[in-house]
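Reviewing the structure listed below.
Residue numbers (this note's numbering), protein chains in the order written: chain Y, 8 to 253; chain S, 8 to 253.
Printed below as a string of structure tokens:
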């Protein structure tokens, strides 16, 4: 089950790190690697460092943007060492593993890692439901990329094993989670509605829109929520247009 | 306190691994590295891989036997992937971290790692109080040396931080969470706005209002969110009233 969880590496510079990540993933039972604009791939150095995990590299998907890598995902974690201007919901590796294991479709879960030098951009982080933070020595916080991946995969595997051992089947007609694209659709619709009622006029501040996006993402919308919110936006826009034409 | 815990590497073949171990240790606040008969040390490759953790390498102690490395220790863990002929007390990384943090003198604690190829010998393992086992994919269990060290140091640091946090009060400018009453205030305001745009007309279904309430509650609103949402409701109601009076 956990093998379908997506590990996404953005703009990795060193192919050796890609190989080490493949090995770290396979050690902990994960298989799905997605590379966004890797500097060098495929590459002999990556294959060598992957050791027996070469199959992960062979099946790796290469894409050109983070959005492309995660657009169908329902639960997205972005790793972040530094504090950002907008406080986003933050989780530790352990909390991340708990959330991942609770999520019904592991093939809609992504954990995203930035470049070796500077991590994920604020733009990339704003696509994520949660920011994932590995508590570390404040005097020397920057982990090697493959080590960070190892820790996350380790926590996921440990929780998986624990859950397997408990073996109890919790069933129920769970709601259908919304994908990132569904949520972004709501976000755009909302922007139109807010414009119609002059809430954002003439143009919204970047911070306000970022806060609204965060609010939608942290709510972990399901498809019922999406339909209700779109209905609300539609009603607002319709009402305003009606009164403005008459 | 945890900085004095000893990481002991036995007969390491690849100097790159020694460097990566130094970095992994420093990331998690550990400082004391002991090398038993390293194949190549010091070595430029090690220094390069250590990145900013070169100080750990410079202070590393080199000895000629495991016994020499741990003879003054009171609590010794030996990592072991395979089952051995003699059943020894076994611990996971988490259990290891708990034992380490409970031990009074951290400078008498050692965690020992074997060679890259075959791990610790039975002879070496017999010097240890506990065998330390990292649960991993049964089809591909062998972790890279530095990754194994990273996981152990990570668990120790997390337990250390947890213990620290229990002692002092949790501070930080976290967002102010909204109380249930704040959320219900938003809910009522939203109901008025939805009525204004005829989204609920003449009266809402119970299920719809329940879903909206659930949506607000699951978003775990903070006071910034409350203010934004109330601003949105106000703008909707105002805009509609304006167009209806003119």
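Virtual Cβ for every residue (Gly too), placed ideally from N, Cα, C.
On a predicted model such as this, the values are computed, not experimentally measured, just so you know.
Query, Result
"Kindly say whether residue 191 of chain S, judged by its beta-carbon, lies nearer than 9 Å to any beta-carbon of chain Y.", "no"
"Taking beta-carbon pairs under 8 Å, can you tell me which members of the stretch 208–234 of chain Y lie near chain S?", "215, 218, 219, 222, 225, 226, 227, 228, 231 and 232"
"State the start and end residues of the unbroken alpha helix (DSSP H) segment that holds residue 105 of chain S.", "100–109"
"Let me know the secondary structure DSSP gives residue 195 of chain S once reduced to three states.", "helix"
"Would you list the residues sitting across from residue 17 of chain S in a DSSP beta bridge?", "S:43"
"Smallest Cα separation from residue 139 of chain S: which of S:51, S:41, S:100 and S:49?", "S:100"
"Leaving out five residues on either side along the sequence, give the residues of the same chain with a beta carbon under 6 Å from the beta carbon of residue 177 of chain S.", "Reliability fails at residue 177 of chain S, whose pLDDT of 43 lies under 50, so the model's placement of it is uncertain and the value that follows must be treated cautiously. There are no such residues."
"Give me the chain Y residues within the contact set of residue 121 of chain S, using Cβ-Cβ distance strictly less than 8 Å, ordered along the chain.", "Those do not exist, as residue 121 of chain S stays about 17 Å from chain Y at its closest Cβ, beyond 8 Å."
"Check distances from the C-beta atoms of the stretch 27–44 of chain S to those of chain A and list, in chain order, the residues that come in under 8 Å.", "Although the question refers to chain A, the structure presented lacks it and instead comprises the protein chains Y and S."
"Please identify, using Cβ separations under 7 Å, the residues of the stretch 237–253 of chain Y that lie next to chain S, in order along the chain.", "238, 239, 242, 243, 246, 247, 250 and 251"
"State buried or exposed for residue 222 of chain S, treating a residue as buried only when at least 16 other CB atoms are found within 10 Å of its CB.", "buried"
"By the DSSP assignment, the alpha helix (DSSP H) with residue 31 of chain Y in it spans what residues?", "22–34"
"Note down, in chain order, each residue of its chain lying with its Cβ closer than 7 Å to the Cβ of residue 44 of chain Y, except the 5 sequence neighbours on either side.", "18 and 71"
"Output yes if chain S places a C-beta closer than 9 Å to the C-beta of residue 126 of chain Y; else output no.", "no"
"Kindly indicate if chain Y contains any beta-carbon less than 9 Å away from that of residue 151 of chain S.", "yes"
"Compare the C-beta of residue 24 of chain Y against all C-beta atoms of chain S and say whether one is closer than 9 Å.", "no"
"How would you list, in chain order, the residues of chain S whose beta-carbon sits under 7 Å from the beta-carbon of residue 157 of chain Y?", "154, 157 and 158"
"Within the chosen definition, does the stretch 155–162 of chain S reach the stretch 34–53 of chain S through at least 3 CB pairs nearer than 8 Å?", "yes"
"In whole angstroms, give me the CA-to-CA distance for residue 52 of chain Y and residue 23 of chain Y.", "5 Å"
"Between residue 184 of chain Y and chain S, is any beta-carbon pair separated by less than 9 Å?", "no"
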